[in-house]
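Shown next, in structure tokens, is the structure this report addresses.
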Amino acid sequence: MSEIKHTEIHEEHAEHDTMTRKKIWNVFFVLLGITAVEFFIALYLVPKNIVPIHVANPIYIVLTLAKAFYIVAYFMHLKFEKIGLVYSILVPTLFIIGLILVLTNESHHWVDLR
Amino acid sequence: MSTTAVTSPIDEVKTTPWAGGRSPFSVEYGKMMMWFFLLSDAFTFSSLLIAYGALRFSAPAWPAADHIFQSVPLTSIEHGAPLVFVGIMTFILIMSSVTMVLGVEAGHRGARKEVAWWMVATVIGGFMFLGCQALEWSHLFHEGFGWGKMPKEIGEFFPEGTKPSAVYTQQFANLFFTITGFHGFHVFTGVIINIIILVNVLIGTYDRRGTYGMVEKVGLYWHFVDLVWVFVFTFFYLV
Chain A
2 MSEIKHTEIH EEHAEHDTMT RKKIWNVFFV LLGITAVEFF IALYLVPKNI VPIHVANPIY
62 IVLTLAKAFY IVAYFMHLKF EKIGLVYSIL VPTLFIIGLI LVLTNESHHW VDLR
Chain B
6 MSTTAVTSPI DEVKTTPWAG GRSPFSVEYG KMMMWFFLLS DAFTFSSLLI AYGALRFSAP
66 AWPAADHIFQ SVPLTSIEHG APLVFVGIMT FILIMSSVTM VLGVEAGHRG ARKEVAWWMV
126 ATVIGGFMFL GCQALEWSHL FHEGFGWGKM PKEIGEFFPE GTKPSAVYTQ QFANLFFTIT
186 GFHGFHVFTG VIINIIILVN VLIGTYDRRG TYGMVEKVGL YWHFVDLVWV FVFTFFYLV
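As you go down the protein sequences, you meet chains A and B in turn. If you use our numbering, the first sequence corresponds to residues 2 to 115, in order. If you use our numbering, the second sequence corresponds to residues 6 to 244, in order.
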């Protein structure tokens with residue numbers, strides 16, 4: 002009688018590794034905190050000329066991407082999905098970066114046309 | 006004669022995620038399709054926002070958001086309060102995202118009443134956001150903005166040291182109404198779908214089905230609406 006040998010591989014994300022109410026509120030306070038920092042820059046640091054606008058803009062974008070990460074990873078639960086699903090959602094968004102690069106480049110030429 | 010167990014590699018039954026016989030992503034079909042729909046929607050929104058960015062980059066002068074959004078509707082504040090109202094709107098939307106995810110969490114425990122209450126809170130948050138947007142839009146309409154329309158006096162909207170331009174003011178107005186309108190339309194459909202889910206929770210559809218998976222799928226859509234607002238907020242009001 003031959004035994005069937007199972008080759009189990011450990012799933013990288015166990016079932017219990019998910020959102021709890023405590024974690025949800027933690028993420029909420031992170032999002033609120035980041036938004037508060039954005040308002041602090043926009044309403045206080047920039048008008049008082051402590052931070053010039055061309056420094057503030059990249060900061061806004063980094064903070065926005067941080068917020069996007071928290072929403073997608075925790076609220077939309079993507080961090081706890083199988084790695085294959087994570088990649089099939091995240092890798093296609095590289096096309097967005099492509100469009101940003103193409104149109105930013107293009108808009109510099111439009112300046113010359115005006 | 007006793008035969009000892011000989012296992013050749015061909016007898017091994019593989020149970021790896023991609024060996025077949027089960028869903029490799031271990032999510033429901035509907036949830037995966039919701040993800041792919043949201044991916045396509047992300048492309049739509051990013052196209053709109055990137056087009057806005059390209060037009061703005063190519064303009065020598067662009068109206069400043071904190072010169073245009075100065076008022077707080079429903080109060081007597083007409084000037085000198087930049088970003089206050091949009092701050093309230095952002096808070097409302099983040100808050101309703103939290104109530105949604107709390108509803109999903111309650112759904113995992115099968116707590117029907119809790120899910121229902123969180124869904125009610127989410128729907129209220131959605132209506133509050135839509136109400137705020139309606140107020141902001143009507144305020145801008147009264148100032149003279151609209152698709153193809155803008156106030157006669159535009160000098161006050163431009164930062165000091167830049168030349169006011171009617172063309173770029175008009176581009177700003179068109180892009181603003183198109184993009185926040187498209188986002189607002191998503192919020193509106195999200196609220197409608199949330200109401201349908203709420204009714205189904207109340208009549209016990211998901212208890213009979215044995216899973217609150219639908220709450221999760223609609224939750225994904227609702228969080229996506231919040232996600233888009235995060236970007237709209239940054240690129241229209243902050244940058």
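For each residue, glycine too, the CB sits at the ideal point set by N, CA and C.
Neighbours of Val73 (chain A) in chain B, taken as residues whose beta carbon is under 7 Å from its own, are Leu232 in chain order. Shown here, Lys83 (chain A) sits in coil according to DSSP, grouped into three states, outside any helix or strand.
Taking the CA atoms as reference points, His110 (chain A) sits about 8 Å from Ser63 (chain B). Contact annotation: the segment 103 to 116 of chain B touches the segment 223 to 234 of chain B, with at least three C-beta pairs closer than 8 Å. Taking the beta carbon of Phe81 (chain A) as reference, no residue of chain B falls within 9 Å; the closest one sits roughly 11 Å away.
Scanning chain A for C-beta atoms nearer than 8 Å to the C-beta of Glu110 (chain B) yields Met20, Thr21, Arg22, Ile25, reported in chain order.
For Trp227 (chain B), the uninterrupted alpha helix (DSSP H) segment begins and ends at 218 to 238.
Under the Cβ criterion of 7 Å, Trp40 (chain B) is counted among the residues facing chain A.
Under DSSP, the beta-bridge partners assigned to Gly151 (chain B) are B:Lys154. Contact between Leu145 (chain B) and Leu79 (chain B) is absent: CB atoms are separated by about 15 Å, not below the 8 Å threshold.
At least one C-beta of chain A is nearer than 7 Å to the C-beta of Ala59 (chain B). If you ignore the 5 residues before and after Phe187 (chain B), its C-beta comes within less than 7 Å of the C-beta of Leu53, all in its own chain and listed in chain order. Rounded to the nearest angstrom, the Cβ distance from Ala57 (chain A) to Ile35 (chain A) is 14 Å, too far for a contact under 8 Å. At a C-beta separation below 8 Å, Phe181 (chain B) has no neighbours in chain A, since its nearest C-beta there lies roughly 17 Å away. When Cβ-Cβ separations below 7 Å define contact, Gly92 (chain B) makes contact with chain A. When the five nearest sequence neighbours on each side are left out, the beta carbons in the same chain lying within less than 6 Å of the beta carbon of Ala121 (chain B) are those of Val206, Leu207, in order along the chain. Taking 7 Å as the cut-off, the Cβ atoms of Gln138 (chain B) and Gly189 (chain B) count as close. The segment 89 to 103 of chain A makes contact with the segment 33 to 53 of chain B; the number of CB pairs closer than 8 Å reaches 3 or more. In this structure Asn199 (chain B) is buried. Its beta-carbon is surrounded by 16 or more other beta-carbon atoms within 10 angstroms. For the 7 Å CB-CB criterion, Phe240 (chain B) and Val192 (chain B) do not form a contact. Nearest to His113 (chain B) by C-alpha distance, out of B:Trp234, B:Val220, B:Asp231, is B:Val220. Identification of chain A residues near His188 (chain B) by a Cβ-Cβ cut-off of 9 Å yields none; the smallest Cβ-Cβ distance measures about 15 Å. Here the alpha carbons of Ala24 (chain B) and Ile15 (chain B) stand approximately 14 Å from one another. Looking from the CA of Asn179 (chain B), the closest CA among B:Phe41, B:Phe150, B:Ile197 belongs to B:Phe150.
Straight through space, the alpha carbons of Val235 (chain B) and Ala69 (chain A) are spaced by roughly 7 Å.
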